[in-house]
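Residue numbers (the working numbering), protein chains in the order written: chain A, 111 to 365; chain B, 4 to 94.
Yeah, the Cβ is synthetic: ideal placement off N, Cα and C, and Gly gets one too.
One structure is given below, encoded as structure tokens.
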């Protein structure tokens, strides 16, 4: 029998709400309050997220974010800084118990399995990509997706970005390229390490098509059926609580 | 001073330290590595703070031997290395 997981489909929220939702689902899943869940979402306004361990001021031009109206948030997951451009990317998240037979116990293996769904979804769009350990997916040797996972509350929470379009100038006006002052040359070399669905295919791919392809990727990869659903009232309550923490200075600027 | 170190084949790790009379008064570790559970980083910084500079290596080795922590893209030796670089660059 095919398992049914919940799909929370393309909810558009700000950074603090998005990160609070991911954590709320993880917490609720452990309490048995909610099913295994895949989310697809976009960030409005656009935002930059840094990894749990990253130094905010060394990774992000905070002043420039303020100028451009870009939110700044710290994730509960490790890994690197990501610019979540409302016009340029889809984020996914997955929550399942860490005991789920579909999720390998080994963390790197589980990255590979979950990223396999994204790779399959990209293939559906015509993009040939591959997993690059630890946590990247590359096409033509360039990064098209970055992923980060945590294990807490007895569950696996993995979220990641799939680049649909990319304004490299904008990205690198906001992210600091390690120790180097942003010059045209630095932007060019950083730009050369990134690709995206539209650039790879050389045509306009809609968010709708990208979304549908990612859903297929998850359904095939895990042999599941995704049933559209909503957050439970219990989860919505947690979101309100967690959102305050994600928005607090103490959390965002802790490192 | 904050020093960054790119682990060969791994992630970026950085350390910022302050020393007083041979004691590590402050250490802040950052980077794009993964550590499970994540909050272990706070315990690690606490374990290092207040130790003699000479005890840095044994403190970090003991810390990771005494608990189950999974590191990805960084190793205990990389933490030792980058913290030493930071200590060496102290004014």
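Which class does residue i belong to by DSSP, given the choice of helix, strand or coil?
{"i": "residue 126 (chain A)", "result": "helix"}
{"i": "residue 158 (chain A)", "result": "strand"}
{"i": "residue 79 (chain B)", "result": "helix"}
{"i": "residue 365 (chain A)", "result": "coil"}
{"i": "residue 121 (chain A)", "result": "strand"}
{"i": "residue 113 (chain A)", "result": "strand"}
{"i": "residue 43 (chain B)", "result": "helix"}
{"i": "residue 20 (chain B)", "result": "strand"}
{"i": "residue 246 (chain A)", "result": "strand"}
{"i": "residue 29 (chain B)", "result": "strand"}
{"i": "residue 369 (chain A)", "result": "The structure shown does not extend to residue 369 (chain A), since chain A is modelled only from 111 through 365, so no value can be given for it."}
{"i": "residue 71 (chain B)", "result": "coil"}
{"i": "residue 87 (chain B)", "result": "helix"}
{"i": "residue 9 (chain B)", "result": "strand"}
{"i": "residue 62 (chain B)", "result": "helix"}
{"i": "residue 61 (chain A)", "result": "One cannot answer for residue 61 (chain A) here, as it falls past the ends of chain A, which runs 111 to 365."}
{"i": "residue 37 (chain B)", "result": "strand"}
{"i": "residue 152 (chain A)", "result": "strand"}
Would you mind stating whether residue i and residue j have Cβ atoms separated by less than 8 Å?
{"i": "residue 172 (chain A)", "j": "residue 356 (chain A)", "result": "no"}
{"i": "residue 274 (chain A)", "j": "residue 167 (chain A)", "result": "no"}
{"i": "residue 231 (chain A)", "j": "residue 188 (chain A)", "result": "no"}
{"i": "residue 88 (chain B)", "j": "residue 6 (chain B)", "result": "yes"}
{"i": "residue 85 (chain B)", "j": "residue 30 (chain B)", "result": "no"}
{"i": "residue 51 (chain B)", "j": "residue 62 (chain B)", "result": "yes"}
{"i": "residue 144 (chain A)", "j": "residue 345 (chain A)", "result": "yes"}
{"i": "residue 196 (chain A)", "j": "residue 272 (chain A)", "result": "no"}
{"i": "residue 321 (chain A)", "j": "residue 329 (chain A)", "result": "no"}
{"i": "residue 159 (chain A)", "j": "residue 125 (chain A)", "result": "yes"}
{"i": "residue 306 (chain A)", "j": "residue 228 (chain A)", "result": "no"}
{"i": "residue 163 (chain A)", "j": "residue 66 (chain B)", "result": "no"}
{"i": "residue 311 (chain A)", "j": "residue 278 (chain A)", "result": "no"}
{"i": "residue 220 (chain A)", "j": "residue 211 (chain A)", "result": "no"}
{"i": "residue 247 (chain A)", "j": "residue 170 (chain A)", "result": "no"}
{"i": "residue 263 (chain A)", "j": "residue 140 (chain A)", "result": "yes"}
{"i": "residue 265 (chain A)", "j": "residue 205 (chain A)", "result": "yes"}
{"i": "residue 256 (chain A)", "j": "residue 245 (chain A)", "result": "yes"}
{"i": "residue 338 (chain A)", "j": "residue 119 (chain A)", "result": "yes"}
{"i": "residue 14 (chain B)", "j": "residue 76 (chain B)", "result": "yes"}
{"i": "residue 217 (chain A)", "j": "residue 39 (chain B)", "result": "yes"}
{"i": "residue 193 (chain A)", "j": "residue 281 (chain A)", "result": "yes"}
{"i": "residue 347 (chain A)", "j": "residue 226 (chain A)", "result": "no"}
Could you tell me the boundaries of the beta strand (DSSP E) in which residue i lies?
{"i": "residue 262 (chain A)", "result": "252 to 262"}
{"i": "residue 267 (chain A)", "result": "265 to 273"}
Is it right to say residue i is buried, meaning 16 or more other beta carbons lie within 10 angstroms of its own, or is it exposed?
{"i": "residue 73 (chain B)", "result": "exposed"}
{"i": "residue 122 (chain A)", "result": "exposed"}
{"i": "residue 138 (chain A)", "result": "buried"}
{"i": "residue 290 (chain A)", "result": "Low local confidence applies: a pLDDT of 39 at residue 290 (chain A) is under 50, so the model's placement there is unreliable, and no value is given."}
{"i": "residue 24 (chain B)", "result": "exposed"}
{"i": "residue 363 (chain A)", "result": "exposed"}
{"i": "residue 49 (chain B)", "result": "exposed"}
{"i": "residue 34 (chain B)", "result": "buried"}
{"i": "residue 152 (chain A)", "result": "buried"}
{"i": "residue 333 (chain A)", "result": "exposed"}
{"i": "residue 239 (chain A)", "result": "buried"}
{"i": "residue 133 (chain A)", "result": "buried"}
{"i": "residue 181 (chain A)", "result": "buried"}
{"i": "residue 350 (chain A)", "result": "exposed"}
{"i": "residue 175 (chain A)", "result": "buried"}
{"i": "residue 12 (chain B)", "result": "exposed"}
{"i": "residue 91 (chain B)", "result": "exposed"}
{"i": "residue 71 (chain B)", "result": "exposed"}
{"i": "residue 276 (chain A)", "result": "buried"}
{"i": "residue 157 (chain A)", "result": "buried"}
How is the alpha helix (DSSP H) around residue i delimited, first residue to last?
{"i": "residue 340 (chain A)", "result": "First-last for residue 340 (chain A): undefined, no H or E at that position."}
{"i": "residue 167 (chain A)", "result": "166 to 169"}
{"i": "residue 278 (chain A)", "result": "278 to 284"}
{"i": "residue 313 (chain A)", "result": "Residue 313 (chain A) -> no alpha helix (DSSP H), and no H or E assigned at all."}
Taking CB distances under 8 Å as the criterion, tell me whether residue i reaches chain C.
{"i": "residue 38 (chain B)", "result": "You won't find chain C in this structure, because its protein chains are A and B."}
Problem set entry | Every unbroken beta strand (DSSP E) within the segment 179 to 244 of chain A, with a cutoff of 3 residues, ordered by chain | The qualifying runs are 181 to 184, 192 to 194, 199 to 207 and 240 to 242.
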